[in-house]
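Residue numbers (this note's numbering): 7 to 809. Quick reminder that beta carbons are idealized off the backbone N, C-alpha and C, glycines included. All values derive from a computational prediction rather than experimental measurement. Working notes, beginning with the structure itself.
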RNA sequence: GCGGGUGUGGCGGAAUUGGCAGACGCACUAGCCUUAGGAGCUAGCGCUUACGCGUGCAGGUUCAAGUCCUGUCACCCGCACCA
């Protein structure tokens, strides 16, 4: 037989698949379906990273197996192509972003095709295509109509390098998640999406989906629901202050109050505050701090006491001082708290620093003068009038009833989640389809005007004054009001990159529809996505945003499933050979093109699946790839030893069935590494016999096909098997045949191995023990001792306990 | 600080969930083959000269512990003054 010429074979089959549209999903909605999805890439100038194929190969394997099992499979691919790197590259090199995008996509596509993924290329989508972003804009209009998109002047995160606002989700450790530059706060008018309205649904929906736990936990923490009480405190100057607390039971222990420096009441009270200068100075310092500084300085408490105004604790009418301090955040709760230093660590720190009284109201801990007692489970209420003697739980209920009755408190649920800042001051994004009219305010474009196409211009540099580059394009900006016809201006901010990716999986269902984002029939059939694999870094960004949009689309009847993804898994990163993250600057980047050239796509696929636990990070190893190549070489040369026998030989039948079982189950469990190990083991067993039968070879290469599709398809053809491998059926195993007739068991004396025996698999417990005791080694060990216990674990071991 | 996770040979990693620790692969060693080897084949490969000892460390439960319990250490990831 000829040599294993992977380059030639891989090209050959890729061309055949292309030509025959082998992997195009069928529009026959009566078939059982499987919708597998991986995150579509951002087509960067660097080309494909070896990390991309880890995820793509895994779901490709699942998809290929599902096809052999008879499913109508949709495994699509597309391009998340709007975004800053393209725009920056375009500016630097004076090439239009659309050309840069086109080139990058061509390169990515070539690389993906070279890896033999079974994507349905007829459904390719591109977020920068007007026929696609027409529907992104349409969704925005629907959000606007339902009051979920609004423009608001607010303090936003501003990246000093990108010259652009960022969503809270995009700020990591106080710096920009994309470029690592400092993020400062800036007052700006921005389009916002009310994701907070969906906090409850986003949380509750997690109970009904099959996401790996760390994804659920991370989303739950990010949404951050807490149940508590909102309480109204009076003041000595008439106004009331609302506070939120989860520990209403400790109300009698409130010895002061803290307001956030940004609290609106401070402005109202300007003429009543005795030390206004001091307060203003503190407000200014707080405002100047970047997010990074603010977290850095988090340990040390600072603050200013307001002179001339005191708060009144509603439970006992005690007058208590009010402070402002930046440890209270304007963005959470009501922006003001009651401080109970005896039972809250932060309040305790502050009280110590400012020498404020600490009153114990929950007994059961250490001395509250020495440290705060925060345990809710064991304490008993003291110094709290009608709450005395109650447990924390009971006291919470009682005080809530009391407050509600008096009309000064109510049960409240709070979330950490904040609304989504949706404007970006950049060129390369979807235009927001809104017009500003002096008379009518913001007016949405009529749906018939969509898509609102991005103007094609020469200059799209960001401006230093924080305005979008589109603002300079007056021809485009100046328009008429859709409502009254008067001269008006278009919104010049664009949407964030997360917009296009928040619904792309819906478009794959019906990608060429120009009447709606996808037809109901297509959505009903394909959704929800059966399996979505992607990176953990998207858990609180893309994954949360797209769930929000999907739930909204569900509520307005545009989609038919309440959740977009039935199942979510996540892959670990592929690290450089030195165990560090791959990056140009570290010089440890592996180029997939080189691997394909030197070892072939099949080897690359097998290697990436064999590299380790799919969910964990794994370092690349140039020498380990050879193992995968050797494995495929051996599979190839096995063809020479094939006999015409159409049977599985009895002596290896059990291992065969076990391997079918293992590979079948491991693919479903994403344990690709052990599936491949099982195939290697079986190959070793077969090789040792010096030949392989036709029936055995058929099964073997079918099992290997999802992992190494080109070589197996070629071998199928060379061996003259019927049709094409991708049209055959996935092998079935027989549970009864998975067990060998004879098994080796070990004999332990007091838990130590003393002998090994070959016994029939169905031997009785008594017979096994008898047989064990008949062994010479065993006889020596138990001779003259008392047998205390004898155990037989079927097919495993005999243990004899002696004294 | 809170939440999640991980510690197993020289390396990547297995272990049917309490039942032979180290599957499978890499690297390595020896031999064969070869003009040659970054090729192939065969054998070996946790530690220890041994008795034995071994899954981060210390205890415990059990006939039996990588797996369960208690304590402890280290590292990774996420959130971080969220009231």
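| Item | Value |
| --- | --- |
| CA nearest to the CA of residue 529, picked from 539, 468, 517 | 517 |
| Same chain only: Cβ atoms within 6 Å of residue 559, ignoring 5 sequence neighbours per side | 565 |
| Backbone secondary structure at residue 562 - three-state DSSP | coil |
| Reduced DSSP category for residue 292 - H, G, I as helix; E, B as strand; rest coil | helix |
| Nearest-angstrom Cβ-Cβ length linking residue 666 and residue 698, presumed shorter than 8 Å | Going by Cβ atoms, the distance from residue 666 to residue 698 rounds to 15 Å, so no, they are not a contact pair. |
| Segment contact, 8 Å Cβ cut-off, at least three pairs: the stretch 599-611 with the stretch 645-653 | no |
| Residue 332 to residue 308 span [Cα, whole Å] | 7 Å |
| DSSP state of residue 554 mapped onto helix, strand, coil | helix |
| Cβ-based neighbour list, residue 745, same chain, cut-off 7 Å, excluding 5 preceding and 5 following | 660, 767 |
| DSSP three-state assignment for residue 224, whether helix, strand or coil | helix |
| Reduced DSSP secondary structure (H/G/I, E/B, other) of residue 817 | The question about residue 817 has no answer here: the residues shown for the chain are numbered 7 through 809. |
| Beta-carbon contacts of residue 654 that lie in its chain and below 8 Å, excluding the five residues immediately before and after | 662, 699, 701, 702, 705 |
| C-beta atoms of residue 419 and residue 234 nearer than 9 Å | yes |
| Residue 429 beta carbon less than 9 Å from that of residue 501 | yes |
| Residue 128 versus 143, 82, 136, 105, residue with shortest Cα-Cα distance | 82 |
| Sequence-distant residues of its chain with Cβ nearer than 6 Å to residue 356 (five each side left out) | 307 |
| Given 8 Å, three or more beta-carbon pairs between the stretch 610-617 and the stretch 631-643 | yes |
| Cβ-Cβ distance between residue 180 and residue 599 below 9 Å | no |
| Whole-Å CB distance - residue 66 paired with residue 123, under 8 Å assumed | 5 Å |
| Residue 776 classed as buried or exposed, judged by whether at least 16 other C-beta atoms fall within 10 angstroms | exposed |
| Residue 40 - DSSP class collapsed to helix/strand/coil | strand |
| CA-to-CA distance, residue 351 to residue 377, given in whole angstroms | 8 Å |
| Runs of beta strand (DSSP E) lying entirely within the stretch 740-767, each at least 3 residues, in chain order | 748-755, 758-766 |
| Contacts around residue 545, its chain only, beta-carbon distance under 7 Å, and the 5 residues preceding and following it disregarded | 221, 224, 225 |
| C-beta atoms of residue 714 and residue 784 nearer than 9 Å | no |
| Complete beta strand (DSSP E) runs within the stretch 154-208 (minimum length 3 residues, chain order) | 155-165, 170-172, 189-199 |
| Whole-angstrom distance between residue 96 and residue 810, CA atom to CA atom | Because the chain here runs from 7 to 809, residue 810 falls outside it and cannot be looked at. |
| Three or more C-beta pairs below 8 Å linking the stretch 618-629 and the stretch 667-682 | yes |
| C-alpha distance - residue 262 paired with residue 173, whole-angstrom precision | 34 Å |
| Proximity of residue 532 and residue 74 at Cβ, strictly below 9 Å | no |
| Cut-off 6 Å between Cβ atoms - residues of its own chain near residue 466, not counting five sequence neighbours on either side | 433, 475 |
| Residue environment, residue 219, which counts as buried when at least 16 other CB atoms sit within 10 Å | exposed |
| Residue 7 classed as buried or exposed, judged by whether at least 16 other C-beta atoms fall within 10 angstroms | exposed |
| With 16 other Cβ atoms within 10 Å as the buried cut-off, status of residue 392 | exposed |
| Contact check, residue 810 vs residue 385, beta carbons under 9 Å | The requested residue 810 is not part of the displayed model; the chain covers only 7 to 809. |
| Host alpha helix (DSSP H) of residue 258 (start-end) | Residue 258 -> no alpha helix (DSSP H), and no H or E assigned at all. |
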